[in-house]
Amino acid sequence: MIHTFSVSNYYSVREEVVLDLRILGTAPALPRFRRSTAKPDIRLPSVVVFMGPNGSGKTTLLDALLAISRIASSASPAEETSPLTFLPFSSTETRDKPTRFCVEIEADWLAPDQARHLFRYEVAVRRGDAGVKDTFFQREVLSYFPKGRPRRLFERGAPGEPIYVSSELGLTPKDDRLKAIREDASVIATLALLNVPLAARIAEWMRAFSYFSNILHREKWQLPTQTMVEAFDESAPEVRDWLVRHIQASDLGIQDMRILEQADKKEVFFDHRGIDRPIPLPFESNGTKRLFHLLPQLYLALNDGIPAVLDEVDGDLHVDIAGEMLDWFRSQETNSSGAQLFVSSHNVGLLDDLEKEEVFIVEKDRDGATRVYSAQDVRGLRRDARLYPKYRAGVLGGIPKIG
Numbered sequence: 227m228i229h230t231f232s233v234s235n236y237y238s239v240r241e242e243v244v245l246d247l248r249i250l251g252t253a254p255a256l257p258r259f260r261r262s263t264a265k266p267d268i269r270l271p272s273v274v275v276f277m278g279p280n281g282s283g284k285t286t287l288l289d290a291l292l293a294i295s296r297i298a299s300s301a302s303p304a305e306e307t308s309p310l311t312f313l314p315f316s317s318t319e320t321r322d323k324p325t326r327f328c329v330e331i332e333a334d335w336l337a338p339d340q341a342r343h344l345f346r347y348e349v350a351v352r353r354g355d356a357g358v359k360d361t362f363f364q365r366e367v368l369s370y371f372p373k374g375r376p377r378r379l380f381e382r383g384a385p386g387e388p389i390y391v392s393s394e395l396g397l398t399p400k401d402d403r404l405k406a407i408r409e410d411a412s413v414i415a416t417l418a419l420l421n422v423p424l425a426a427r428i429a430e431w432m433r434a435f436s437y438f439s440n441i442l443h444r445e446k447w448q449l450p451t452q453t454m455v456e457a458f459d460e461s462a463p464e465v466r467d468w469l470v471r472h473i474q475a476s477d478l479g480i481q482d483m484r485i486l487e488q489a490d491k492k493e494v495f496f497d498h499r500g501i502d503r504p505i506p507l508p509f510e511s512n513g514t515k516r517l518f519h520l521l522p523q524l525y526l527a528l529n530d531g532i533p534a535v536l537d538e539v540d541g542d543l544h545v546d547i548a549g550e551m552l553d554w555f556r557s558q559e560t561n562s563s564g565a566q567l568f569v570s571s572h573n574v575g576l577l578d579d580l581e582k583e584e585v586f587i588v589e590k591d592r593d594g595a596t597r598v599y600s601a602q603d604v605r606g607l608r609r610d611a612r613l614y615p616k617y618r619a620g621v622l623g624g625i626p627k628i629g
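Residue numbers (the working numbering): 227 to 629.
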């Protein structure tokens, strides 16, 4: 689970913004709050909802969270696929400053299926004279906290500086594999390609994190339909069954899903109650098509205990369906692995089913820079207060100023 995340100088984010998910000790012991297995004195939300006006930076914050997963899992040198292809905040003052990310995650990377540890992954990226096309790592550090104090697994500085590696990586400072790390590729991703077990486990986790989302480089994204069809048919029948069961439960009139051969290609059809022939996926409603693509990602996130990220979770979906998705992550029964769901939404109807520790308000200041704060930090906000009327009244902030 993610404990904290921070980013600076990234698109609409200028100064460092911090997403601190740790719940105050004075909050009640609600079942939806999860106790950290790495640090039992800390509780975390399983659901994190960004609310705020259009253009405030909600998508940017979600994408920044995914950017660090792409950085750690991709060592591609191609410009169009480089994980370092992103813009700084648009000002002369910040143009030449580094973009920084830091995330604290608890995971079982050191020993799969064993005790989880808290890890901190820090990245600073600079741009050279050619701008975005000339990016390189200024700093990259991965640490963990075996006894409450940070212990480095590796640390790299600016290009040309030696890379420190710990014994847990199974490398020595003179290992030839360290020479393969380019200035524009992460240590984790490169060592994963070179079959270093710990790096490979981390990169695989980060890659899954980036796939369990519906955005890529701040644009809408989804797994290709054909890729999903092949997975259903060959290697993941349980995902198909879960998808069908929840589509049936969503009151869409759908009774079953079939995958049929059509002109040398497999296509998806749905059987509807009262209709005597199957309906192909392209002719279904936008809501059905959205569920078809989202549900498998949510199933895998819940199964693997890896966060999922959904921009505009309520887009094309009724608020009750979106709320049901949030409940899957809150429930110990459907989320025994401790996955988290990060979403943005404009549907304020979700607020009355949220606790203030699950809500983060995103706004822009007068200089156009994104800022974020938790509803639990709003002074005087009582536990028993309905969040919907408080938001509409401007108590929480994040209300668009129209006119």
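Built from N, CA and C at the ideal position, the CB exists for glycine as well.
> Of all the options Asp477, Tyr525, Lys515, which has the alpha carbon lying nearest to the alpha carbon of Arg466?
Replying inline: In the sequence shown, counting from the first residue as 1, residue 466 sits at position 240. Looking at the Cα atoms, Tyr525 is the closest of the given residues.
> Bridge partners of Ser316, per DSSP?
Replying inline: Counted from its first residue, the sequence shown places residue 316 at position 90. Answer is none; Ser316 lacks a bridge partner.
> Just reading off the beta strand (DSSP E) that Pro271 is part of, what are its end residues?
Replying inline: Position 45 of the sequence shown holds residue 271. Pro271 -> beta strand (DSSP E) spans 269–271.
> How many angstroms separate the CA atom of Ala429 from the CA atom of Gly500?
Replying inline: In the sequence shown, residue 429 corresponds to position 203, counting from 1. In the sequence shown, residue 500 corresponds to position 274, counting from 1. Taking the Cα positions, Ala429 is about 47 Å away from Gly500.
>> Please report the straight-line C-alpha distance between Trp468 and Leu517, rounded to a whole angstrom.
In response: Position 242 of the sequence shown, counting from 1, holds the residue named residue 468. Position 291 of the sequence shown, counting from 1, holds the residue named residue 517. Each residue's alpha carbon lies about 12 Å from the other.
> Short check: CB of Glu550 to CB of Ser571, under 8 Å?
Replying inline: As a first step, residue 550 is located in the sequence shown; it is residue number 324 there, counting from the start. As a first step, residue 571 is located in the sequence shown; it is residue number 345 there, counting from the start. Going by C-beta atoms, Glu550 is not nearer than 8 Å to Ser571.
> Hey, Ala527 and Ala565: beta-carbon distance below 8 Å or not?
Replying inline: The sequence position of residue 527 within the sequence shown is 301, counting from 1. The sequence position of residue 565 within the sequence shown is 339, counting from 1. Against a cut-off of 8 Å, the Cβ pair of Ala565 and Ala527 comes out as a contact.
> Whose C-beta lies closer than 6 Å to the C-beta of Asp542 among residues of the same chain, with five residues either side of it excluded?
Replying inline: In the sequence shown, the residue the question calls residue 542 occupies position 316. Answer for Asp542: Asn512, Gly513, Arg516, listed in chain order.
> For the alpha helix (DSSP H) that contains Leu528, what are its first and last residues?
Replying inline: Taking the sequence shown and counting its residues from 1, one reaches residue 528 at position 302. Going by DSSP, Leu528 is part of the alpha helix (DSSP H) stretching over 512–530.
> Excluding the five sequence neighbours on either side, which residues of its own chain have a C-beta within less than 6 Å of the C-beta of Gly283, listed in chain order?
Replying inline: Counting from one through the sequence shown, the residue named residue 283 turns up at place 57. Leaving aside the five residues that flank Gly283 on each side, the residues in its chain whose CB is nearer than 6 Å to its CB run, in chain order, Ser238, Val588, Thr596.
> If you pair each beta-carbon of the segment 234–253 with each one of the segment 262–271, do three or more pairs fall below 8 Å?
Replying inline: Result yes; three or more Cβ-Cβ pairs closer than 8 Å.
> Touching or not, the segment 252–266 and the segment 384–401, by the rule of three or more beta carbon pairs under 8 Å?
Replying inline: Taking a cut-off of 8 Å on C-beta distances, the segment 252–266 does not touch the segment 384–401, as fewer than three cross pairs fall below it.
>> Helix, strand or coil for Ser299? Go by DSSP, reduced to three states.
In response: Taking the first residue of the sequence shown as position 1, residue 299 is located at position 73. When secondary structure is reduced to three states using DSSP, Ser299 falls in the helix class.
> If Ile480 and Phe496 are in contact, beta carbons under 8 Å, what's the gap, nearest whole angstrom?
Replying inline: As a first step, residue 480 is located in the sequence shown; it is residue number 254 there, counting from the start. As a first step, residue 496 is located in the sequence shown; it is residue number 270 there, counting from the start. In this structure Ile480 is in contact with Phe496, their Cβ atoms being roughly 5 Å apart against a cut-off of 8 Å.
>> Tell me the residue span of the alpha helix (DSSP H) that contains Asp355.
In response: Taking the first residue of the sequence shown as 1, we reach residue 355 at position 129. Careful: Asp355 lies outside any alpha helix (DSSP H) and carries neither H nor E.
> How is the beta strand (DSSP E) around Ile228 delimited, first residue to last?
Replying inline: On the sequence shown, residue 228 is found 2 positions in, with the first residue counted as 1. It spans 228–234 - the beta strand (DSSP E) in which Ile228 sits, taken as one unbroken run.
>> Which of the three DSSP states is assigned to Glu305 in this structure?
In response: The count along the sequence shown starts at 1 and reaches residue 305 at position 79. With a pLDDT of 45 at Glu305, under the threshold of 50, the predicted position of this residue should be treated as unreliable, and no value is reported.
> Assuming Phe327 and Ala384 make a contact with CB atoms under 8 Å, what is their CB distance in whole Å?
Replying inline: Within the sequence shown, the letter at position 101 stands for residue 327. Within the sequence shown, the letter at position 158 stands for residue 384. Here Phe327 is actually not in contact with Ala384; their C-beta atoms are around 17 Å apart, not less than 8 Å.
> Hey, would you say Val574 sits closer than 8 Å to Phe276, going by beta carbons?
Replying inline: Taking the first residue of the sequence shown as position 1, residue 574 is located at position 348. Taking the first residue of the sequence shown as position 1, residue 276 is located at position 50. Cβ atoms of Val574 and Phe276: not closer than 8 Å.
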